[in-house]
DNA sequence: TATAGTGCACTAGTGTTATAGTTCACAGGT
DNA sequence: ACCTGTGAACTATAACACTAGTGCACTATA
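Residue numbers (this note's numbering), protein chains in the order written: chain U, 225 to 354; chain Z, 225 to 354.
So, in structure tokens, the structure goes:
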């Protein structure tokens with residue numbers, strides 16, 4: 225997991241997004257513990273308070289719950305919830321891009337073609353990683 | 225033009241994006257003047273400084289230039305530049321959404337289907353407006 | 001010359017973000 | 001009993017982003 229300190233999106237939100245997707249992807253399953261505040265803070269080289277802020281967001285969403293002295297655990301419906309919110313986020317991102325393209329007077333075909341090109345590129349990236 | 229004060233994206237950036245797309249769409253053509261600071265500020269009910277900040281961004285991009293005491297004018301290559309950056313922005317937005325979906329373990333088909341659904345929805349919105 | 005409209009510069013207040021430090025209560029293992 | 005590791009809470013600070021308010025210099029026109 226990589227954190228971009230120069231990004232405009234806050235660090236705590238990057239962490240929350242990443243953990244949420246990991247839960248959606250099944251990396252952490254219901255009942256399982258996610259990495260501790262201090263462990264994750266050490267790994268990402270950020271302040272524990274920043275990680276805690278990300279956990280607060282996930283707890284508010286009902287994806288995880290805290291057991292004092294033990295750690296944070298994925299709720300029973302956490303996996304499905306994470307999948308749902310992740311999918312909604314993807315949908316909203318696409319919709320924003322489409323609106324921007326239409327407002328700039330891009331023809332429909334060009335918008336679709338731009339998506340196909342982006343898909344191929346991202347897929348190529350993914351291939352390299354694995 | 226509508227400004228969302230509750231959005232996480234800054235007002236000045238919303239304005240810059242909107243004007244950039246308007247230039248790309250040919251609403252304002254090279255050599256023509258774009259709405260003045262105060263006129264736009266009045267219309268959007270924001271502070272003139274906020275509009276100016278948006279104009280600064282557009283000027284840095286080389287889309288417009290200022291003539292003191294007169295106004296901001298679209299440069300000769302402003303239209304093409306605006307089209308180019310707008311298209312790049314759309315591409316980047318799509319790529320971000322695709323990466324998020326893949327990280328969340330969404331199957332390729334589902335990502336593509338989500339895009340199609342978003343496209344239909346946005347197209348329906350546009351139909352209602354016109 | 002006077003007036004109105006233009007962009008520009010400076011200051012100030014507010015909120016957000018991230019870090020740092022400290023303390024506390026709880027659970028588990030030795 | 002003790003120690004370690006866990007989340008939670010609080011304060012303080014520094015830096016930055018954002019918006020608003022105000023005044024100034026410039027241009028064109030009546």
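Positions of the beta carbon are idealized from the N, C-alpha and C atoms, including for glycine.
Small disclaimer: the values here were computed from a predicted structure and weren't measured.
For the region 285-342 of chain Z, the continuous beta strand (DSSP E) assignments of 3+ residues that do not extend past its boundaries occur at 288-291, 295-298, in sequence order. Each of Z:227, Z:352, Z:325, Z:292 was checked against the Cα of residue 239 of chain Z, and the nearest Cα belongs to Z:227.
Looking at U:334, U:325, U:354, the one whose alpha-carbon comes closest to that of residue 346 of chain Z is U:325. Residue contact check for residue 315 of chain Z against chain U: a CB pair falls below 9 Å. For residue 226 of chain U, not one C-beta of chain Z is nearer than 9 Å to its own C-beta. As far as DSSP is concerned, residue 225 of chain Z takes part in no beta bridge. The beta carbon of residue 236 of chain Z is closer than 8 Å to those of 274, 275, 277, 278, 281 in its chain, skipping five residues each way along the sequence. Selection Z:260, Z:342, Z:331 evaluated against residue 292 of chain Z yields Z:260 as nearest (Cα-Cα). The beta carbon of residue 244 of chain U sits closer than 6 Å to the beta carbons of 306 from its chain, once the five residues preceding and following it are set aside; these are given in chain order.
Within 10 angstroms of the beta-carbon of residue 268 of chain Z lie 16 or more other beta-carbons, which makes it buried. Contact note: residue 337 of chain Z does not reach chain U at a C-beta cutoff of 7 Å; the least C-beta distance is about 10 Å.
Judged by pairs of C-beta atoms under 8 Å, the region 244-259 of chain U touches the region 300-319 of chain U, as three or more such pairs exist. Under the Cβ distance rule, residue 302 of chain U does not count among the residues neighbouring chain Z, no pair being separated by less than 9 Å. Close CB contacts of residue 246 of chain U within its chain, under the 7 Å cut and outside five residues either way in sequence, are with 252 (chain order). The criterion of a C-beta distance shorter than 9 Å is not satisfied by residue 337 of chain Z and residue 328 of chain U. Of all residues in the region 324-335 of chain Z, only 324, 325, 326, 327, 328, 329, 330, 332, 334, 335 place a beta-carbon less than 9 Å from a beta-carbon of chain U.
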